[in-house]
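Here's the structure, in structure tokens; my notes come after.
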Amino acid sequence: MNALPSHLELVRGVVLPKPVGAHPVLDFVNTRSEWTSRASARTEWLTSYEAFLIWNAYVGLQSSALTDRLIEQADPVEAARSLRTTLDFRSDLYDVLTGAAGNAFEPVARLVEKASGRLRLVRSDNKITWELPEDVVLPLHHLAVLAGELLTGASREYVRTCPSCGWLFLNPRGRRRWCSMATCGNRAKARAHAARVR
Ligand SMILES: [Zn+2]
Numbered sequence: 001m002n003a004l005p006s007h008l009e010l011v012r013g014v015v016l017p018k019p020v021g022a023h024p025v026l027d028f029v030n031t032r033s034e035w036t037s038r039a040s041a042r043t044e045w046l047t048s049y050e051a052f053l054i055w056n057a058y059v060g061l062q063s064s065a066l067t068d069r070l071i072e073q074a075d076p077v078e079a080a081r082s083l084r085t086t087l088d089f090r091s092d093l094y095d096v097l098t099g100a101a102g103n104a105f106e107p108v109a110r111l112v113e114k115a116s117g118r119l120r121l122v123r124s125d126n127k128i129t130w131e132l133p134e135d136v137v138l139p140l141h142h143l144a145v146l147a148g149e150l151l152t153g154a155s156r157e158y159v160r161t162c163p164s165c166g167w168l169f170l171n172p173r174g175r176r177r178w179c180s181m182a183t184c185g186n187r188a189k190a191r192a193h194a195a196r197v198r
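By UniProt numbering, the letter at position 183 of the sequence shown is numbered 183, and the numbering carries on one by one without gaps.
Here it is as structure tokens:
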């Protein structure tokens with residue numbers, strides 16, 4: 001059996017990138033490789049609705065019990081539609097977060113508003129929380145709500161782009177240059193070394 005590269009992990013039969021963004025919304029954006037080219041990704045990790053659900057549980061956005069229920073309940077046609085909307089949202093959100101020119105803001109804003117409009121305040125055992133209806137679009141709408149918070153919150157100004165692969169990460173202390181030393185950082189070091197010895 002071949003070992004996976006250290007930046008990937010096998011979770012419930014699905015290969016997923018380990019989180020490096022320091023924010024779940026940025027790790028969501030980092031679920032495809034090479035944002036530097038807008039061509040289709042060399043590696044797409046959200047290969048199915050089920051993979052998207054497993055990713056949500058992996059990064060701690062939802063429980064595995066909820067993940068199991070959503071997998072069980074999902075209508076295949078609705079699940080496929082929800083995945084397409086999720087991938088479109090991811091692409092538009094990337095443009096908004098990186099300040100790219102274009103028409104990405106409108107679709108992002110409309111989805112964030114739609115998702116936020118479905119939030120309900122729920123009280124159980126003296127704990128009060130915001131909750132979304134449990135349906136096929138719950139994981140996407142949860143991410144949309146979090147994206148709205150990130151875009152309008154104090155962390156927004158610390159979002160940085162990896163110069164090698166285009167992945168996003170929070171850099172509040174200004175010390176990080178790469179998405180991950182294990183991948184892009186080491187590649188850059190190797191390139192610099194090769195240039196010196198040439
Ligand atoms: Zn990178």
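We put the CB at the ideal spot given by N, CA and C, even for glycine. Note that this is a predicted model, so its numbers are computed, not measured.
When you compare the CB positions of residue i and residue j, do they come within less than 9 Å of one another, or not?
i: Leu-143; j: Glu-131; result: no
i: Trp-167; j: Trp-35; result: yes
i: Ala-74; j: Glu-50; result: yes
i: Glu-78; j: Val-14; result: no
i: Phe-28; j: Arg-90; result: yes
i: His-141; j: Leu-93; result: no
i: Leu-26; j: Leu-150; result: yes
So, is residue i buried or exposed, given that buried needs 16 or more other C-beta atoms within 10 angstroms?
i: Ile-128; result: exposed
i: Val-197; result: exposed
i: Thr-47; result: exposed
i: Thr-67; result: buried
i: Ser-82; result: buried
i: Ala-115; result: buried
i: Thr-183; result: buried
i: Arg-173; result: exposed
i: Ala-57; result: buried
i: Arg-32; result: buried
Where does residue i sit, in a helix, a strand or coil, going by DSSP?
i: Trp-55; result: helix
i: Thr-47; result: coil
i: Ser-180; result: coil
i: Ser-33; result: coil
i: Glu-134; result: coil
i: Pro-107; result: helix
i: Val-25; result: helix
i: Leu-121; result: strand
i: Pro-139; result: helix
i: Leu-146; result: helix
i: Leu-4; result: coil
i: Leu-61; result: coil
i: Pro-163; result: coil
i: Pro-19; result: coil
Nearest to residue i by alpha carbon, out of the options?
i: Leu-87; options: Ala-57, Thr-98, Ser-63 and Val-108; result: Val-108
i: Val-159; options: His-141, Val-11 and Pro-24; result: Pro-24
i: Asn-30; options: Ser-82, Leu-97 and Arg-12; result: Leu-97
i: Gly-148; options: Gly-21, Leu-10, Arg-32 and Gly-117; result: Gly-117
i: Val-59; options: Glu-9, Ser-164 and Gly-185; result: Glu-9
i: Asp-95; options: Pro-5, Ala-194, Ala-188 and Thr-161; result: Thr-161
i: Asn-171; options: Glu-157, Leu-70 and Cys-165; result: Glu-157
Could you tell me the alpha carbon to alpha carbon distance between residue i and residue j, rounded to whole angstroms?
i: Glu-72; j: Arg-191; result: 47 Å
i: Arg-123; j: Gly-102; result: 41 Å
i: Phe-105; j: Leu-146; result: 16 Å
i: His-7; j: Trp-178; result: 13 Å
i: Leu-138; j: Leu-16; result: 20 Å
i: Ala-3; j: Lys-18; result: 15 Å
i: Val-20; j: Ser-180; result: 7 Å
i: Pro-133; j: Arg-175; result: 40 Å
i: Val-11; j: Thr-152; result: 32 Å
i: Pro-76; j: Leu-53; result: 14 Å
i: Ser-155; j: Ser-37; result: 26 Å
i: Leu-61; j: Ala-195; result: 42 Å
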